[in-house]
Amino acid sequence: MTPDDIRSQRFGVRLLRGLSPEEVSAFLEDVAEAYGDVQKWNAVLVARVEKLEHEIQVLEARAKETSASTHIGMFRTTALREVEELLHDAQVRAQTLIDGARESEAVILREAEGAKARMRIEAEEHMARATDQAESLIMTAKEQEAALRSELDRLAQSRLQLVDDIRAALDTYQQWLATVDPRGRARGRRETLAMSNGDDESVSASDEVRAG
């Protein structure tokens, strides 16, 4: 894997709203730079080790000519110790990079989970408000329907009462007419009959309105 491979890495989004593309890109850029530094450092270590091995080989060759084996041994020990220190430092730097990457990943995941939880709470609250509003509208509609039916009943009752009052007035008039004008009795009967038929039709219409 190279730093360019890390920079071009893409992830699938599974959480609600997903991760911030800018934060993920910035994180990958940091990891790529750190990984590049480690690769450069490893290259330096390899070059240093190769150089030390070459120097040791040169000294060993000279030692055969000068019999300086003690000096070569000391130099070899020093060189090996330096190589071990360089390798240890590289391992520490690599572990630090890995720990930092894991910590950043955990932070991003916690933030994503928090956003998901907040969205779920907001959705539940919105649903509760919508339910309350719907129930309130239904209750208001039922109250308006009951009031309208009550008003229709009152109007129908008033109309029936009006018909009864008119009928009573006609009866009184016919009685009075019969006492003052005997010839008007037949005419009064016809008018009374016609009025009664009209009243019956009005009562039927009122009953239909109340039934509706």
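Heads up: the sequence shown runs through residues 1402 to 1613, numbered per this note's numbering.
The C-beta atom is built at its ideal place from N, Cα and C for all residues, glycine as well.
- The segment 1439 to 1449 and the segment 1476 to 1496 touch, with three or more beta-carbon pairs separated by less than 8 Å.
- The beta carbons of phenylalanine 1476 and leucine 1460 sit closer together than 8 Å.
- Rounded to the nearest whole angstrom, the C-alpha separation of leucine 1453 and alanine 1513 is 50 Å.
- In this structure, Val1450 is the residue among Ala1548, Val1450 and Ala1518 with its C-alpha nearest to the C-alpha of leucine 1481.
- Using a 10 angstroms sphere on the CB of alanine 1435, the tally of other CB atoms reaches 16 or more, which defines it as buried.
- If only uninterrupted alpha helix (DSSP H) runs of at least 4 residues are considered, none is enclosed by the segment 1472 to 1517.
- The beta carbons of leucine 1498 and valine 1447 sit no closer together than 8 Å.
- Nearest in C-alpha terms to alanine 1502, of all of Trp1577, Gln1575 and Ala1433, is Ala1433.
- Close CB contacts of leucine 1563 within its chain, under the 6 Å cut and outside five residues either way in sequence, are absent.
- Taking 3 residues as the shortest admissible run, the segment 1514 to 1539 contains no complete beta strand (DSSP E) segment at all.
- Threonine 1532 and glutamate 1523 have their C-alpha atoms roughly 14 Å apart.
- The beta carbon of phenylalanine 1428 lies closer than 6 Å to those of Ser1505 in the same chain, with the five residues before and after it left out.
- Distance between threonine 1479 and glutamate 1456, taken at the CA atoms: about 12 Å.
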